[in-house]
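J.: Each residue of the sequence shown is one higher than the last, beginning at 684 in our numbering. The C-beta atom is built at its ideal place from N, Cα and C for all residues, glycine as well. Just so it is clear, the structure is predicted and the values come from calculations on it, not from any experiment.
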Amino acid sequence: MRIPLRLWRVGCFLAGIALLVWPADLPAQTTVGKLAGRVIDAQTREALPGVNVAIEGTRRGAVSDASGNYFILQVSPGVYAVKASSVGYTAVRKTDVLVQVDRTVTLNFELSPEALELKEVVVTAERPPVERDVSYTQTIIPSKVALEVPTGPRLRDALATQAGVDRDGWGLVIRGGDEQEILFSVDGVTLIDNRNFRPFTSFSKTALQEVQILLGGFTAEYGFARSGVVNIVTQEPKKWTISTDARYGPPTRKHFGPYVYSKDNYWDVGRFEAFGPSEDRDGDGKPDFEGWTSWISKKRTVENQTITTAQQAKGIWDWQHRSVEGGRTTSMNVYKEDPDYAYDVTVGGPLINNKVSALLSYRAEQTAYAFPFVRRTYNDRTASGKLIFTPTVNTKFTLNLLYGYTVGFKDGNFEGTFFRDPFQVAGSFSTDNIFQNTTNSNTEWTRRYSAGFTWVHTLSPKTFYQITGRFGVVDYDAEPFRGMSHLPDVAVEKDGKWTPIAGDENARKAAGDEAKKRGAVVLDEAPYGWEYEGGSKRDILGIYALQGGGGGRSFDFSWNVDDVFTADLTSQVTPNHQVKGGFQWNHFYLKEMRGYQNDRTSYEKSTQFADYHRYWVKRPFYGGIYLQDKMEYNQVIANVGVRVDYHHPDKYYDLPGDPHNGRWLDRDAEYLWAQARKAQPPTQWRVSPRFGVSHPITADSKLFFNYGHYYQIPDTRLAYRAQSGFGEPLENLGNPWVKMPLTVSYELGYERSFGDVLVASGTAYFKEVEGDLRADANYRGANDAGGPPMTLNGEAKDVRGFEVRLHRNYGRFLTGFASYEFRVERRKVVGWDDIRDVATSSVLSFTVIENNPSGANPRFKSRPLFKLNANFHTPFDYGGARRALLGGWTLDLYYQWRAGAWFNYNPTNDPSLRDIDNAQWTPENRGDLQVTKTFDLRGFRPTLFLEASNVFNFKNFNTNQGRVFEYRGTNTTQNFQKYMEALGWKVEGGRLLQGKKPGTILSDPSVMPRRAYMMHLAPRQVFFGLRFAY
684 MRIPLRLWRV GCFLAGIALL VWPADLPAQT TVGKLAGRVI DAQTREALPG VNVAIEGTRR
744 GAVSDASGNY FILQVSPGVY AVKASSVGYT AVRKTDVLVQ VDRTVTLNFE LSPEALELKE
804 VVVTAERPPV ERDVSYTQTI IPSKVALEVP TGPRLRDALA TQAGVDRDGW GLVIRGGDEQ
864 EILFSVDGVT LIDNRNFRPF TSFSKTALQE VQILLGGFTA EYGFARSGVV NIVTQEPKKW
924 TISTDARYGP PTRKHFGPYV YSKDNYWDVG RFEAFGPSED RDGDGKPDFE GWTSWISKKR
984 TVENQTITTA QQAKGIWDWQ HRSVEGGRTT SMNVYKEDPD YAYDVTVGGP LINNKVSALL
1044 SYRAEQTAYA FPFVRRTYND RTASGKLIFT PTVNTKFTLN LLYGYTVGFK DGNFEGTFFR
1104 DPFQVAGSFS TDNIFQNTTN SNTEWTRRYS AGFTWVHTLS PKTFYQITGR FGVVDYDAEP
1164 FRGMSHLPDV AVEKDGKWTP IAGDENARKA AGDEAKKRGA VVLDEAPYGW EYEGGSKRDI
1224 LGIYALQGGG GGRSFDFSWN VDDVFTADLT SQVTPNHQVK GGFQWNHFYL KEMRGYQNDR
1284 TSYEKSTQFA DYHRYWVKRP FYGGIYLQDK MEYNQVIANV GVRVDYHHPD KYYDLPGDPH
1344 NGRWLDRDAE YLWAQARKAQ PPTQWRVSPR FGVSHPITAD SKLFFNYGHY YQIPDTRLAY
1404 RAQSGFGEPL ENLGNPWVKM PLTVSYELGY ERSFGDVLVA SGTAYFKEVE GDLRADANYR
1464 GANDAGGPPM TLNGEAKDVR GFEVRLHRNY GRFLTGFASY EFRVERRKVV GWDDIRDVAT
1524 SSVLSFTVIE NNPSGANPRF KSRPLFKLNA NFHTPFDYGG ARRALLGGWT LDLYYQWRAG
1584 AWFNYNPTND PSLRDIDNAQ WTPENRGDLQ VTKTFDLRGF RPTLFLEASN VFNFKNFNTN
1644 QGRVFEYRGT NTTQNFQKYM EALGWKVEGG RLLQGKKPGT ILSDPSVMPR RAYMMHLAPR
1704 QVFFGLRFAY
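(1) Are the beta-carbon atoms of Arg1153 and Val715 separated by less than 8 angstroms?
(2) Could you tell me the boundaries of the alpha helix (DSSP H) in which Trp853 lies?
(3) Three-state secondary structure (DSSP) at Glu1664?
(4) Quick one: what does DSSP say Ser926 is sitting in, helix, strand or coil?
(5) With a 10 Å radius around its C-beta and 16 neighbouring C-beta atoms as the bar for buried, classify Ile896 as buried or exposed.
(6) Under a Cβ-count criterion, where at least 16 other Cβ atoms within 10 Å of its own Cβ denotes burial, should Pro920 be classed as buried or exposed?
(7) Could you check what DSSP says for Met1167 in three-state terms: helix, strand or coil?
(8) May I have the straight-line CA-CA distance separating Thr677 from Asn1639, to the nearest angstrom?
(9) Classify His1699 as buried or exposed, calling it buried when 16 or more other Cβ atoms lie within 10 Å of its own Cβ.
(10) What span of residues does the alpha helix (DSSP H) with Ser1237 cover, start to end?
(11) Which value, in whole angstroms, describes the spacing of the CA atoms of Phe1637 and Arg1609?
(12) DSSP has Met1276 in a bridge; who is on the other side?
(13) Looking at the C-beta of Trp975, does it have a partner C-beta in chain D at a distance below 8 angstroms?
(14) Give a yes or no on contact between the segment 1420–1434 and the segment 911–931, applying the rule of three or more CB pairs nearer than 8 angstroms.
(15) Who are the Cβ neighbours of Glu893 in its own chain at under 7 angstroms, not counting the five residues just before and after it?
(16) Is Gly1570 buried or exposed, if buried means 16 or more other CB atoms sit within 10 Å of its CB?
(17) Any idea which residues DSSP pairs Ala1250 with across the strands?
(18) Assuming the contact rule is C-beta atoms closer than 8 angstroms, Glu1664 and Thr1655 should be a hit. Round their C-beta distance to whole Å, please.
(19) Using 8 angstroms as the threshold, is the C-beta distance between Gln1255 and Arg815 below it?
(20) Answer with buried or exposed for Thr884, where buried requires no fewer than 16 other C-beta atoms within 10 angstroms of its C-beta.
(21) Looking only at C-alpha atoms, which of Thr1126, Phe1387, Val1139 sits nearest to Leu1431?
(22) Asn1189 by DSSP, collapsed to three states: which one?
(23) Provide the residue span of the beta strand (DSSP E) that contains Gly998, from first to last.
(24) What separation, rounded to the nearest whole angstrom, lies between the Cα atoms of Phe1266 and Tyr1305?
(25) Pair every Cβ in the segment 1481–1488 with every Cβ in the segment 1496–1506, then say whether three or more of these pairs are closer than 8 angstroms.
(26) For Ser1111 and Ser1444, I'd like the C-alpha separation in whole angstroms.
(27) Kindly indicate the opening and closing residues of the alpha helix (DSSP H) around Met1697.
(28) Going by other Cβ atoms of all chains shown within 10 Å of its Cβ, with 16 needed for buried, is Asn1259 buried or exposed?
(29) Looking at C-beta atoms only, is the number of pairs between the segment 789–798 and the segment 1354–1363 that lie closer than 8 angstroms three or more?
(30) Can the beta-carbon of Phe880 be found less than 8 angstroms from the beta-carbon of Asp1398?
(31) Do the CB positions of Trp1420 and Gly1477 come within less than 8 angstroms of each other?
(32) With a threshold of 6 angstroms on Cβ separation, who are the neighbours of Ile1150 within its own chain once the five nearest residues in sequence on each side are excluded?
(33) Measuring straight from C-alpha to C-alpha, what distance separates Glu729 and Val813?
(34) Does the segment 842–860 come close enough to the segment 920–929 that 3 or more CB-CB pairs lie under 8 angstroms?
(35) Compare the Cα-Cα distances from Val1247 to each of Tyr1272, Thr1257, Gln1367, Thr991 and report the closest residue.
(36) Taking the beta carbon of Ser980 as the centre, do at least 16 other beta carbons fall within 10 Å, making it buried, or is it exposed?
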């Protein structure tokens, strides 16, 4: 990666100010709470001014005013003891005061005139049954819950158990919006990769204090998020502590059915073991394989060499489908080689007189993919740290550090992305390439480095400001696997045995010639290695690929630099108004270099590029200015604010001045690249109102409503792309003139507490999305010449739904939650489908709906979702004399049910059945379990745990019918149609007659998929772990 000297200077300057910061490019967010209340005389009920209210263990406090009111701003989340004292009165100390992110804790005090026999009154603080100061849907997840919920080592999977939150193959989804629409922040600093606008989410669980998830409308301080906000708050240790969470899962099969490379896999391996005829499982009246004896009787050859015996033919087959030990391709022992593991360690504590503290974390993860590719595992490493300086009671200066390293399997020429979900890779496991997985797979590395600072200064008990500055670099790397030598590697003798061939090139060729003289068949190293030139090469039966390019020939040498500056001011102007305002400035610098190589030479020497993305994004700026007021009147809370977002794009091709230039279709790549930064799109300004209100109905219930506009800058890849190659025209055009996509959100909710034990809530919401980007509008040149696809604002979407929740957050033996979600959404393509030059074309441009009127009524189907979590536990003191045995146990069960996915089934291509969801797969079930035992060893409390994913071994049918029902030499569509007909589905007279739900298992093997190992993924997997905090 080559980065200009000027950028290195900027980075070194910021790094010199601050050692390092989280990778970020968006505003600092609220990660603190507030204490407020009133102090009165217990006898006269009159206000008490001048009372000192202090948070013990900190240097934060306040003095009550003439009306007895006080408030303490900038309180970090945690559990505290708060003391109120005044001369002539008995002090009152309230314990177990819980402060959470962005919440106001009301803590009132009643002080009695001092009595000689009383030194202090200690009271346990009461927690409000309903948080009345919250005007939107939010969830607070403490660190203990995040560790105990049985969803594996990743924090994002624990977050996905909450109502309204889900996950896809990459990360979180909130109410239908993926991670590109979600703002993540750690200690107030957001973590966004401006290349693809996806957040960094490999967070340490052991460093966690709590997580806040905002699902509904959020206040004006949050910008460039349209679906949700995730605020992660890490610990600020007051004493030295070490926390560890480590787990190990032995190597195992991650799919039901036979091992892919075992003889039990009849269609791919088992039927080719026999020298005589095999079974007839497909019911066509013939053996599924004629046998090697019959096959060799037809005088077969391979690579212009004659095969003389059936044993030799079988030996060639075995070589071409062998296990390559220690390699990165097919291995017969793949299920025994790669364990899953994760370990997460955090150390922190005070350094100098409680004025300097540190927190260091390291997290490592390995997850084996369900099927082997050029890389068999996903690996993630994150090292982070922060130094907190509090030189005075009113100031705090924080230096942060983060380094991230991620490596995984990548399919195709995609930007900086790889598979993180071990089961998502099934979509790339083609039947054609199961023995040559370098054909369509590659390895992607991502490295992240970041630096910056956060400065907080409390000007008075009512006012403080915060300033942050950050700098980060993300480096991407991907290149093809090792090439094939095509030198002799083995001689397959007449009896089928292998004779290895080694040495230098001349020695190998000489040994190969000698082997051929004795009747051996000489073969190269295939399928081990990578090859693109020379066309396709298949095995001895012509079934499976032994070499090829595809996605395996992709490279990526891109890099991205981010820097940001933010400033925020918060002031409690009056007891009823807390005003906050600020601005954010963001800039990034992206060098995009990725594409396909047709040969295995180094990137610098190769001139055979295809689908080459080469462009620089140098000077885009974006950010926002906001002002908001949190108003509190008689327990009615209103959050009112306005935000102004701006986006200054970088330069691009001069599309407005020369929109249909015929040179765009030239095959002069150097000319095209030289034109990439010629015109400056205008700066966009957008105003976003934000409003939310929370109104108590009774002492135990509230009603809340919020409304807001939320903008986001366009996806960098779609806005600036320019895909071509040597000797190629432009194949893709971006368009930085596109408008910022907008989401308008409404939410209405009700929350009620029952007996201070259960909290129930119901929420209805509606989101209207305008201006989502389409990247496939046909942009024609002069005289209707065929042109590249272009990016436009061309999609609209509306999402509506409701959520019902029931929480039990406190209980001696049982806590948990249950939720039900119902969401429907529809996406409509409203943009241009074909754009023509009015000066040279007689055909008018037209929209997608004009070209396909059926798109005017898009699909609108729901998939209800039910979630249940039950945490059964025994306290340490449970069991009396047997408490060492009976106390400290936890059993945590998480269950999830989701209605099956919808799809269009139209086997006869009937016009009346097009573009509608008329068939639904069987429902999906999931059950995870964690059992823990904590031991009390004189203050040291280690925890042993066992965790089982899919503990009930639910079989959820893989809905990727293109992979499940495919098989070499057969028609995938016909295979699926045959299965559906066996279920009872057919079309008669334009009407679809429904049968059993697809996903149902039938007893007739001739209609079921041949790839049985693809039908059901994710069987039960067991992990063993150790956790402690000391």
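T.: Taking the structure as given:
(1) For this step, residue 1153 is matched to residue 470 along the sequence shown. For this step, residue 715 is matched to residue 32 along the sequence shown. Against a cut-off of 8 angstroms, the Cβ pair of Val715 and Arg1153 comes out as no contact.
(2) Counted from its first residue, the sequence shown places residue 853 at position 170. Trp853 -> no alpha helix (DSSP H), and no H or E assigned at all.
(3) The residue you call residue 1664 lines up with position 981 of the sequence shown. Helix at Glu1664.
(4) In the sequence shown, the residue the question calls residue 926 occupies position 243. Reduced to three states, the DSSP call for Ser926 is strand.
(5) Counting from 1 along the sequence shown, the entry for residue 896 is found at position 213. Ile896 should be labelled buried.
(6) The residue labelled residue 920 in the question sits at position 237 within the sequence shown. That one is buried.
(7) For the purposes of this step, residue 1167 is taken as the residue at position 484 of the sequence shown. Met1167: coil per DSSP, three-state reduction.
(8) A question about residue 677 goes unanswered here, because the residues of the chain that appear run from 684 up to 1713.
(9) Position 1016 of the sequence shown, counted from the start, is the residue given in the question as residue 1699. Buried, by the Cβ-count rule.
(10) The residue given as residue 1237 occupies position 554 in the sequence shown. Note, Ser1237: premise wrong, no alpha helix (DSSP H); beta strand (DSSP E) at 1237–1239.
(11) Taking the first residue of the sequence shown as position 1, residue 1637 is located at position 954. Taking the first residue of the sequence shown as position 1, residue 1609 is located at position 926. Those two C-alpha atoms are separated by around 7 angstroms.
(12) For the purposes of this step, residue 1276 is taken as residue 593 along the sequence shown, with counting starting at 1. In the DSSP output, where bridge partners are listed per residue, Met1276 has Arg1297.
(13) Given the protein chain composition of this structure (a single chain), no chain D is represented.
(14) no
(15) By one-based count along the sequence shown, residue 893 stands at place 210. For Glu893, where only same-chain residues beyond five positions count, the Cβ hits under 7 angstroms are Pro760, Gln783, Val784, Ile823, Ile824, Pro825, Ser826, Val916.
(16) What you label residue 1570 is simply residue 887 of the sequence shown in a count that begins at 1. Gly1570 is buried by the Cβ-count criterion.
(17) Taking the sequence shown and counting its residues from 1, the one referred to as residue 1250 is at position 567. According to DSSP, which records beta bridges pairwise, Ala1250 is partnered with Ile1150, Phe1266.
(18) Position 981 of the sequence shown, counted from the start, is the residue given in the question as residue 1664. Position 972 of the sequence shown, counted from the start, is the residue given in the question as residue 1655. Not really, about 15 angstroms apart at Cβ, beyond 8 angstroms.
(19) Here residue 1255 refers to the residue found at position 572 when the sequence shown is read from its first residue. Here residue 815 refers to the residue found at position 132 when the sequence shown is read from its first residue. Not a contact, by the Cβ cut-off of 8 angstroms.
(20) Position 201 of the sequence shown, counted from the start, is the residue given in the question as residue 884. Buried.
(21) In the sequence shown, residue 1431 corresponds to position 748, counting from 1. If we check each option's Cα against that of Leu1431, Phe1387 comes out closest.
(22) Residue 1189 sits at position 506 when you count from the first residue of the sequence shown. If DSSP states are grouped into helix, strand and coil, Asn1189 belongs with the helices.
(23) Translated into positions along the sequence shown, residue 998 becomes position 315. No beta strand (DSSP E) contains Gly998, which is instead part of the alpha helix (DSSP H) from 993–1003.
(24) Position 583 of the sequence shown, counted from the first residue, corresponds to residue 1266. Position 622 of the sequence shown, counted from the first residue, corresponds to residue 1305. One C-alpha to the other measures close to 11 angstroms.
(25) yes
(26) Stepping through the sequence shown from its first residue, residue 1111 is reached at position 428. Stepping through the sequence shown from its first residue, residue 1444 is reached at position 761. Distance between the alpha carbons of Ser1111 and Ser1444: 41 angstroms.
(27) Translated into positions along the sequence shown, residue 1697 becomes position 1014. Its alpha helix (DSSP H) spans residues 1695–1698.
(28) By 1-based counting over the sequence shown, the position of residue 1259 is 576. With fewer than 16 other Cβ atoms within 10 Å, it is exposed.
(29) no
(30) As a first step, residue 880 is located in the sequence shown; it is residue number 197 there, counting from the start. As a first step, residue 1398 is located in the sequence shown; it is residue number 715 there, counting from the start. Against a cut-off of 8 angstroms, the Cβ pair of Asp1398 and Phe880 comes out as a contact.
(31) Residue 1420 sits at position 737 when you count from the first residue of the sequence shown. Residue 1477 sits at position 794 when you count from the first residue of the sequence shown. It is not a contact, given that the beta carbons lie outside the stated cut-off.
(32) For the purposes of this step, residue 1150 is taken as the residue at position 467 of the sequence shown. Trp1138, Ala1250.
(33) For the purposes of this step, residue 729 is identified with residue 46 of the sequence shown, where counting begins at 1. For the purposes of this step, residue 813 is identified with residue 130 of the sequence shown, where counting begins at 1. The straight-line gap from Cα to Cα measures roughly 27 angstroms.
(34) no
(35) In the sequence shown, counting from the first residue as 1, residue 1247 sits at position 564. The candidate whose alpha carbon is nearest that of Val1247 is Tyr1272.
(36) On the sequence shown, position 297 is the one that residue 980 refers to. With fewer than 16 Cβ atoms within 10 Å of its Cβ, Ser980 is classed as exposed.
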